[in-house]
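If you read the sequence shown in full-length UniProt numbering, its first letter stands for residue 1, the second for the next number, and so on.
In what follows, a single structure is set out as structure tokens and then discussed.
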Amino acid sequence: MDAIKLSDLHANGRHADLEMSTVISDHDDEPTKLHGASGPLRRRLFFNILVSATLTFTIYYNYQKLIDRSHPLVAPALLGSMSAAFAQTMNQYLKKKIDFNRIFKFMVWGSINGTLTVLWIDLLLNRLDSAVYRIVVDQTVGAPAFQATFSILNSLWETGELISTTARSSYLRSLRYSYCYWPIFSVCSFLLVPPQMMFPANCLANLLWNLILSRLT
């Protein structure tokens, strides 16, 4: 039998374990993963959470000041963007991997969602006098429309297609989950929360929802 050379064991960036008959690759094209969530990568994940949480709550605390000193839609866009990033960094910590592409994607979505949500809330408050009507329209029109917007953005971002096959199935699954979550918040929001606090409250609810979305997409 020919002798096994050390160079053969390292060919193509792989180490052959002769005793266990396993092959371990040195290269991984997937987002950086934290095996056991230890070492420098774990500290990077924790740092990402700390930064996004600090920015989120700083914007939340100064929300009214931002509205008074800038355009009314700047504060919602910033708060939506950072709260989405905060949710995504927490999700990545739980999954033990780092993916800056997904963080940036959710920041873009959060900014769009924040802007559209404020305009949507204002529309419902100004056009409909009854809280019951607001809740019904919010859930029958708003929920599917917002979910479709996210699915289209996600499809364009990931595949370059307007509506991919994956996006269709993801949309229906996400919409199903949304009806287990958002109607409760919608009832509480339109019945109990002052109008000026509806969007900040919505962003807090979105922290949990973005965690759910990131698991579903």
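For each residue, glycine too, the CB sits at the ideal point set by N, CA and C.
It should be emphasised that the depicted structure is a prediction, and the values quoted were computed from it without experimental measurement.
For residue i, the nearest candidate out of the options (CA to CA)
i, options, result
"W209", "W109, S155 and I49", "W109"
"I120", "R44, A145 and Y177", "Note on residue identity: the sequence assigns Trp, not Ile, to residue 120. The candidate whose alpha carbon is nearest that of W120 is A145."
"L207", "H71, K65, T89 and P194", "T89"
"D153", "T56, Y61, R102 and T140", "Sequence check: residue 153 is Leu here, not Asp. When only C-alpha atoms are compared, the closest one is R102."
"F57", "L73, S81 and L41", "S81"
Per DSSP, the bridge partner or partners of residue i
i, result
"K96", "In DSSP, K96 forms no bridge with anything."
Residue burial classification, residue i (beta-carbon count within 10 angstroms, cutoff 16)
i, result
"C180", "exposed"
"K105", "buried"
"P76", "buried"
"residue 219", "Any question about residue 219 goes unanswered here, given that the chain covers just 1 to 217."
"Y63", "buried"
"C203", "buried"
"F190", "buried"
"D129", "exposed"
"N126", "exposed"
"Q147", "buried"
"I98", "buried"
Residue i - DSSP class collapsed to helix/strand/coil
i, result
"C180", "coil"
"N202", "helix"
"P194", "coil"
"N91", "helix"
"G160", "coil"
"P72", "coil"
"D129", "coil"
"G80", "helix"
"G39", "coil"
"I62", "At residue 62 the sequence reads Asn, which differs from the Ile that was named. Looking at N62 - three-state DSSP - the assignment turns out to be coil, as it is neither helix nor strand."
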